[in-house]
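Position one of the sequence shown corresponds to residue 13 (the working numbering), numbered consecutively onward.
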Amino acid sequence: MPGRASWGGETAVDWELVAFLVLSVLEVVGSILVVTNKRLVRAAFWLAMTLVTIGGIYLLFGSEFIFLIQILVYAGTVPILFVFGLMLTRTKIMDEPSTEEGT
Numbered sequence: 013m014p015g016r017a018s019w020g021g022e023t024a025v026d027w028e029l030v031a032f033l034v035l036s037v038l039e040v041v042g043s044i045l046v047v048t049n050k051r052l053v054r055a056a057f058w059l060a061m062t063l064v065t066i067g068g069i070y071l072l073f074g075s076e077f078i079f080l081i082q083i084l085v086y087a088g089t090v091p092i093l094f095v096f097g098l099m100l101t102r103t104k105i106m107d108e109p110s111t112e113e114g115t
């Protein structure tokens, strides 16, 4: 194939393609786990992982600035704000003890 280096009759591995495929699989799996996970904190973790893999794909395409913005803004702040909002709006799980003395 043109454009690929050969050594000893074998074609060299295109590491950029391998990295793209690994990041793509991680992105799809992370996206599925975000939607299907019942625990919201874990869903926020998978969301962060998905956003980091998107940043990795930007880096593979040669867009370092968009990679940096993706990591700082989306992968850093969106899951943190999600968990922070979850902690502030969480209802109490246990009922408060009754004020009656006989029961």
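Beta carbons: idealized from backbone N, C-alpha and C, even for Gly.
This structure is a prediction, so every number in the text was calculated from the model and none was measured.
Beta-carbon proximity of residue i to residue j, cut-off 8 Å
| i | j | result |
| --- | --- | --- |
| W58 | G74 | no |
| Y70 | I78 | yes |
| G53 | L98 | Going by the sequence as given, residue 53 is Val instead of Gly. Their beta carbons are under 8 Å apart, which means V53 touches L98 by this criterion. |
| L35 | G68 | yes |
| L33 | T65 | no |
Which of helix, strand or coil DSSP assigns to residue i
| i | result |
| --- | --- |
| G42 | helix |
| R102 | coil |
| G88 | helix |
| G74 | coil |
| R51 | coil |
Selected residue, minimal CA-CA separation from residue i, among the options
| i | options | result |
| --- | --- | --- |
| A31 | V95, G67, L72 | L72 |
| Q82 | L100, L63, F94 | L63 |
>> Does the contact criterion of 3 or more C-beta pairs under 8 Å hold for the segment 45-63 versus the segment 21-32?
In response: no
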